Amino acid sequence: MFLKRQLPLLITLICGIVWGVQYFIPHPASDAVYSFYTDWALVIGLFAAILGFISIIRLHSMKIKYHAKNWQFSVVTLAAMPVMIVAALLTGTESGGAFMWLYNYVEVPIEATMFSLLAFYIASAAYRAFRARSAQATALLVAAAIVMLGRVPVGAQISFWTHLFPGTSIPQVASWILNVPNMAAKRAINLGVGLGMMMVSLKIILGIERTYLGGQD
Amino acid sequence: MHLSPSIGVWVAVFLTLCVFSFLYKDNPFYKFAEHLVVGVSIGYGMVLWYTQGILPKFVTPFFKEGKYIYIIPAILGTMIAMQLVRKYAWLARFPMAFLLGAGSGIGLPRTMQAGVIKQLEATMVPMGFSHLQYVWNIVIFVGVLSVLIYFFFSKEHKGVFGGIANIGIWYLMIGFGATFGYTVMARLSLFIGRMLFIIQTALGVQVAG
Amino acid sequence: MKFWEKLLSIDRRIIYLVIAITVILPLFVPTGWPINVTYEVKNIYDYVENLGPDGVVLLSADYDASTLAELQPMFDTSLRHCFSRDVKVMVMSLYPQGVGLAEMSLKRIAKEYNKVNGVDYCFLGYRPGASIIIMGMGSNIRIPFPSDYYGTPLKDIPMMKGINNFSDIDLVISFSGTGIVASWLYYAHEPYNQDIAWGVTAVMASDYYPFLQSHQIVGLIGGMKGAAEYETLISKPGLATSGMDAQSWAHIMIIIFIIIGNIGYLAMRKK
Numbered sequence: 000m001f002l003k004r005q006l007p008l009l010i011t012l013i014c015g016i017v018w019g020v021q022y023f024i025p026h027p028a029s030d031a032v033y034s035f036y037t038d039w040a041l042v043i044g045l046f047a048a049i050l051g052f053i054s055i056i057r058l059h060s061m062k063i064k065y066h067a068k069n070w071q072f073s074v075v076t077l078a079a080m081p082v083m084i085v086a087a088l089l090t091g092t093e094s095g096g097a098f099m100w101l102y103n104y105v106e107v108p109i110e111a112t113m114f115s116l117l118a119f120y121i122a123s124a125a126y127r128a129f130r131a132r133s134a135q136a137t138a139l140l141v142a143a144a145i146v147m148l149g150r151v152p153v154g155a156q157i158s159f160w161t162h163l164f165p166g167t168s169i170p171q172v173a174s175w176i177l178n179v180p181n182m183a184a185k186r187a188i189n190l191g192v193g194l195g196m197m198m199v200s201l202k203i204i205l206g207i208e209r210t211y212l213g214g215q216d
Numbered sequence: 000m001h002l003s004p005s006i007g008v009w010v011a012v013f014l015t016l017c018v019f020s021f022l023y024k025d026n027p028f029y030k031f032a033e034h035l036v037v038g039v040s041i042g043y044g045m046v047l048w049y050t051q052g053i054l055p056k057f058v059t060p061f062f063k064e065g066k067y068i069y070i071i072p073a074i075l076g077t078m079i080a081m082q083l084v085r086k087y088a089w090l091a092r093f094p095m096a097f098l099l100g101a102g103s104g105i106g107l108p109r110t111m112q113a114g115v116i117k118q119l120e121a122t123m124v125p126m127g128f129s130h131l132q133y134v135w136n137i138v139i140f141v142g143v144l145s146v147l148i149y150f151f152f153s154k155e156h157k158g159v160f161g162g163i164a165n166i167g168i169w170y171l172m173i174g175f176g177a178t179f180g181y182t183v184m185a186r187l188s189l190f191i192g193r194m195l196f197i198i199q200t201a202l203g204v205q206v207a208g
Numbered sequence: 000m001k002f003w004e005k006l007l008s009i010d011r012r013i014i015y016l017v018i019a020i021t022v023i024l025p026l027f028v029p030t031g032w033p034i035n036v037t038y039e040v041k042n043i044y045d046y047v048e049n050l051g052p053d054g055v056v057l058l059s060a061d062y063d064a065s066t067l068a069e070l071q072p073m074f075d076t077s078l079r080h081c082f083s084r085d086v087k088v089m090v091m092s093l094y095p096q097g098v099g100l101a102e103m104s105l106k107r108i109a110k111e112y113n114k115v116n117g118v119d120y121c122f123l124g125y126r127p128g129a130s131i132i133i134m135g136m137g138s139n140i141r142i143p144f145p146s147d148y149y150g151t152p153l154k155d156i157p158m159m160k161g162i163n164n165f166s167d168i169d170l171v172i173s174f175s176g177t178g179i180v181a182s183w184l185y186y187a188h189e190p191y192n193q194d195i196a197w198g199v200t201a202v203m204a205s206d207y208y209p210f211l212q213s214h215q216i217v218g219l220i221g222g223m224k225g226a227a228e229y230e231t232l233i234s235k236p237g238l239a240t241s242g243m244d245a246q247s248w249a250h251i252m253i254i255i256f257i258i259i260g261n262i263g264y265l266a267m268r269k270k
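Residue numbers (numbering that gives the first Met the number 0), protein chains in the order written: chain A, 0 to 216; chain B, 0 to 208; chain C, 0 to 270.
So this is what it looks like as structure tokens:
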């Protein structure tokens, strides 16, 4: 019980205190402690990555084995992995070889295009869902419209009133929105996030947060 | 119009259109592209994991430079990977305890310094009516305070407290509006990027710019 | 009433078609509106402009293909600017995909400026670990990067002599579509006073103005528009500038969609 439960918590506590205090000690020994962590954590992470690779291979293998829905496409996934490895072995990882050719002309366009679909979804959402149901929602939409117009070249083109009211062009108003009210709101949110992160770190060090231990025993 | 002579470009165009076909409806071409990119990216990741990770940080120091101490973090990393086997999953707790404990200890003072103290410092700026920027600094200060009060849920939002929290809501709406405007810009940029690839690179039509 | 009901329940694929046409047409028939430059981008430009052959800039391509259209142009432009000022450039990535995108750009642009690997620039490559890599670089770059991307030990690279950690680097610019940029703030700027700048996607840009105001970052390049501004500043219009007209018209169309949607909503609510 001590080995599986208390010992990890003790390790967390000791490491948290040592590396937390390290920040305040301007001594070469303290720097050495810091470097030790960065060096070892890197290698630990490298070997831990094996978990991810085996998991995904296992997932798709199970899909093929049990003929799950669309299992034929899992064959494509599993076949692509060794193709990349063989390409790297034969032609290296520099640009100009088969490995980077596959990366540049297969992975990059598919991934880039998948995320570009979001442009259509946001257009559809703008038409169907973005409603000014209250005064505050209207403020949101107005701010959005000013930023949308102000941050592209057309904003300056349609600001015909700036001769009468200098400094009130759409880009300038958009800049004010971003640098004043938006900045204030985001700062408050960031402060909350920062304090929250500190609390989570403290909870982990003190053993209050134990989800990383996993199971029951 | 000058069509690209590169086969790779046309493979990329074909795969791009496979993904765009999803806009009409889900179909085997889209599923093929979706599964292909997963396989290719994992294969790519595996290669880089070895060439950029294992080789310079373990193989070379351990086998060529005689730094045998690296066997310890290698074993610790493998212990994390033991989560795959239920019987030995508990072994992962020790390296995780080290990583999380040290990581939290390192992160705590730095988050406090950069994320909290410096941000609070930057809010305590000259305020007044003698200079336009000082006026905006008042607006910023009121905004930060009112939004922080809005997020304080341990006290009921009533009376003066509720009034200030309400001001915070207005600041948040403007902030989210700005984020939404920028989000629209981001999403459209991604589509513009793909169109530029097809039009300029594949079809060879030079657009302005 | 029926008109608004029909209009608001139109097939979404028609909306997709309208937005596609709105984006594609201006690419063929550009309006050529000038691009206004904001101070966020000008700050970065001025910083690099004031560096010379003794300057060292680290560009970190911490992104993948999903944000290619926004971040690749700003990375390319930063690289061009640094090379035009004969600044020494180190390129790295905290994302595996970033290294592939960065390497292709680096080779292409280095050739444009006749820059030599190991003398004018060094491609460190990728190491897994994100913030751990940044932490390691603060002590000694050779901890996470004992060799460059091509396997050459850093001690054998002429450019890297005298560059040991952040105290030897003038500016770090991190290009990313994720919160990894904040790691540069916590683990590079805060403990080592390393000057940093961020090139981020437009989604994230509005969240980082507090760090600009507090002077924790030198500057901020936000999205494709930010990249276009930088291209304008170095007088080398590229992909980002090409897309600005389409961006303008697409934004106008989105606003029209929102207006139509809200008019219909109000009309139906009145009924």
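Just so you know, even glycine gets a beta-carbon here, dropped at the ideal spot from N, CA and C. Owing to the predicted nature of the structure, the values given are computational and were not obtained by experimental measurement.
Under 8 Å between C-beta atoms, does Trp183 of chain C make it to chain A?
For Trp183 of chain C, the answer is no, since every Cβ of chain A falls outside 8 Å of its Cβ.
What in chain C is Cβ-close to Trp48 of chain B, meaning under 8 Å?
Within chain C, the residues near Trp48 of chain B are Pro95, Pro127.
Under 8 Å: do the stretch 115-132 of chain A and the stretch 146-157 of chain A share three or more Cβ pairs, one atom per stretch?
With a cut-off of 8 Å, the stretch 146-157 of chain A and the stretch 115-132 of chain A do not count as touching, because too few Cβ pairs lie within range.
Distance check for Phe62 of chain B and Phe210 of chain C, CA to CA, integer angstroms please.
Approximately 45 Å, taken between the alpha carbons.
Identified DSSP bridge partners for Val199 of chain C:
Residue pairing by DSSP places Val199 of chain C opposite C:Ser175, C:Gly221 in a beta bridge.
DSSP three-state call for Gly137 of chain C: helix, strand or coil?
Three-state result, Gly137 of chain C: helix.
Considering only residues of the same chain and omitting the five flanking positions on each side of Tyr148 of chain C, which have a CB-CB separation below 8 Å?
Annotation for Tyr148 of chain C: Val98, Glu102, Phe122, Leu123, Gly124, Tyr125 place their beta carbon closer than 8 Å to its own, counting only its chain and skipping 5 residues before and after.
Within 8 Å of any Cβ in chain A, is that where the Cβ of Gly135 of chain C sits?
With 8 Å as the cut-off, Gly135 of chain C counts as an interface residue toward chain A.
Answer yes or no: does any C-beta atom of chain C fall closer than 8 Å to that of Val39 of chain B?
No, because no Cβ of chain C sits closer than 8 Å to the Cβ of Val39 of chain B.
CB-CB length for Tyr170 of chain B against Pro180 of chain A, believed under 8 Å
Indeed, because the Cβ distance is near 5 Å, the residues count as touching under 8 Å.
What are the residues that DSSP puts in a beta bridge with Ser59 of chain C?
DSSP lists C:Met91, C:Ser173 as partners of Ser59 of chain C.
Return no unless some Cβ of chain B is closer than 8 Å to the Cβ of Ser200 of chain A.
Taking CB atoms only, Ser200 of chain A has a neighbour in chain B less than 8 Å away.
Distance, Lys202 of chain A Cα to Ile10 of chain A Cα:
Near 14 Å, if we compare the C-alpha coordinates of Lys202 of chain A and Ile10 of chain A.
Where do the ends of the beta strand (DSSP E) carrying Tyr120 of chain C lie?
Taken as a continuous stretch (DSSP letters only), the beta strand (DSSP E) holding Tyr120 of chain C covers 120-125.
Cβ-Cβ distance between Gln112 of chain B and Asn189 of chain A below 8 Å
No, Cβ-Cβ distance for Gln112 of chain B and Asn189 of chain A is not below 8 Å.
By Cβ distance, which residues of its chain are closer than 7 Å to Glu228 of chain C, with the 5 residues on each side in sequence left out?
Residues Ile34, Val36, Thr37, Val40 of the same chain have their beta carbon placed closer than 7 Å to that of Glu228 of chain C, with the five preceding and five following residues left out of the count.
What's the C-alpha gap between Asn164 of chain C and Phe144 of chain C?
Per the coordinates, the alpha-carbon of Asn164 of chain C lies some 11 Å from the alpha-carbon of Phe144 of chain C.
Report the neighbours of Lys63 of chain B on chain C: residues whose CB is nearer than 8 Å to its CB, in chain order.
The CB of Lys63 of chain B never comes closer than 8 Å to any CB in chain C; the least such distance is about 11 Å.
Checking the sheet assignment: what are the DSSP bridge partners for Val54 of chain A?
Per the sequence shown, the amino acid found at residue 54 of chain A is Ser instead of Val. Bridge partners of Ser54 of chain A: none, in fact.
Mapping DSSP to helix, strand and coil, what is Ser146 of chain C?
Residue state, collapsed to three classes: strand.
What is the residue span of the alpha helix (DSSP H) that Val17 of chain A lies within?
If you look at Val17 of chain A, you'll find it in the alpha helix (DSSP H) that goes 6-21.
Does DSSP put Pro152 of chain C in a helix, in a strand, or in coil?
Pro152 of chain C falls in the strand class under three-state DSSP.
Compute the Euclidean distance between the alpha carbons of Asp6 of chain C and Gly7 of chain B, then round it to the nearest angstrom.
Checking the displayed sequence, the identity of residue 6 of chain C turns out to be Leu instead of Asp. In a straight line, the C-alpha of Leu6 of chain C is about 42 Å away from that of Gly7 of chain B.
Quick one: Cα of Ala187 of chain C to Cα of Ser34 of chain A, how far?
Going from the Cα of Ala187 of chain C to the Cα of Ser34 of chain A covers about 14 Å.
Among the candidates B:Thr182, B:Gly52, B:Val84, whose CA atom is the shortest distance from the CA of Gln246 of chain C?
The residue with the shortest Cα to Cα distance from Gln246 of chain C is B:Thr182.
Compare the C-beta of His80 of chain C with all C-beta atoms of chain B and state if any pair is closer than 8 Å.
Not an interface residue.
Could you confirm whether any beta carbon from chain A is found closer than 8 Å to the beta carbon of Arg11 of chain C?
It does: the Cβ of Arg11 of chain C has a partner Cβ on chain A nearer than 8 Å.
Buried versus exposed, by CB contacts within 10 Å (16 or more), Ser153 of chain B:
It counts as exposed.
Would you mind reading off the limits of the alpha helix (DSSP H) that contains Asn35 of chain C?
Premise fails: Asn35 of chain C is in no alpha helix (DSSP H) and is neither H nor E.
Three-state secondary structure (DSSP) at Asn116 of chain C?
Correct three-state label for Asn116 of chain C: strand.
Nearest-angstrom Cβ-Cβ length linking Ala111 of chain A and Arg186 of chain B, presumed shorter than 8 Å:
The pair is not a contact, with the Cβ atoms about 13 Å apart (cut-off 8 Å).
Restricting to Cα atoms, I'd like to know which of C:Gly221, C:Phe174, C:Thr200, C:Ser166 is closest to Asp194 of chain C.
With distances taken between Cα atoms, Asp194 of chain C lies closest to C:Ser166.
So what's Asp206 of chain C in DSSP terms, helix, strand or just coil?
Note: Asp206 of chain C maps to helix in three-state DSSP.
Shorter than 8 Å from the beta carbon of Phe119 of chain A to some beta carbon of chain C?
Closer than 8 Å: yes.
Where DSSP assigns a beta bridge to Asp38 of chain A, which residues make up the other side?
Per DSSP, none; premise fails for Asp38 of chain A.
Nearest CA to the CA of Tyr102 of chain A: which residue from B:Glu120, B:Ile41, B:Pro27?
That would be B:Ile41, whose Cα lies nearest to the Cα of Tyr102 of chain A.
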